[in-house]
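Numbering-wise (this note's numbering), the sequence shown opens with residue 58 and increments by one.
Think of the CB as a built atom: it goes at the ideal place given N, C-alpha and C, for glycine as much as any other residue.
Note that the structure is a prediction, hence the values are computed from the model and not measured.
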Amino acid sequence: MADYSGGAAVPYLTIDSIDWDQSGDGLPHAIPELQGQLPESGKLARRLPGPDRSDYFLVVLQKPLRFHPQPDFDWTRGQPEFRSRDDAGEFLWIYAVIVCSLAMGTQIHRGMKSFPVQLALVIDNTVGRDETLAFEKCEYAGQALVTDLPEMPE
């Protein structure tokens with residue numbers, strides 16, 4: 058397994074909860090929908106440096122999340138095969154998220170429990186092929202708590 062943070066391999070994590078970002082950023086309308094689908098586990102696929110910091114991580118989810126965007130959402134940002142519809146309207150299947158530690162200077166690490174992170178939904182699934190994180194391929198959702206897992210649950 059790859060070494061992700063300061064010598065501690067953290068191959069899997071659980072997103073325990075998500076909440077709106079009190080600074081006013083994020084997706085406050087989507088928090089109840091996303092929270093209702095948690096906890097959800099995922100595999101840390103790779104580290105992606107971003108334009109503002111080097112410690113973003115791509116997490117591939119065990120099960121996809123549903124995300125119903127606001128009416129002004131630009132549907133061309135994602136691939137059409139990840140769009141669907143239910144009684145609440147059109148939505149995107151989210152197969153991966155981006156996380157980074159909430160506080161600069163702290164790191165995702167082995168043994169973390171309810172560790173605070175910033176979480177973004179991957180809208181354009183080509184992000185996994187990129188050398189650096191392109192923010193336009195994601196939608197910042199809010200602040201989340203994650204826990205290290207020794208292995209992926211079934």
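- For the pair of segments examined, the stretch 162 to 170 was found not to touch the stretch 135 to 142: the number of CB pairs separated by less than 8 Å stays below three.
- Residue environment: Thr71 is assigned as buried (16 or more neighbouring CB atoms within 10 Å of its CB, all protein chains considered).
- Nearest to Ser111 by C-alpha distance, out of Lys100, Gly162 and Pro121, is Gly162.
- CA-CA distance, Leu115 to Ala191, rounds to 12 Å.
- In this structure, DSSP gives Phe130 a state outside helix and strand, which the three-state scheme calls coil.
- Taking a C-beta distance under 8 Å as the contact criterion, Leu178 and Tyr69 do not qualify as a contact pair.
- When beta bridges are read from the DSSP output, Ala153 appears opposite Val117.
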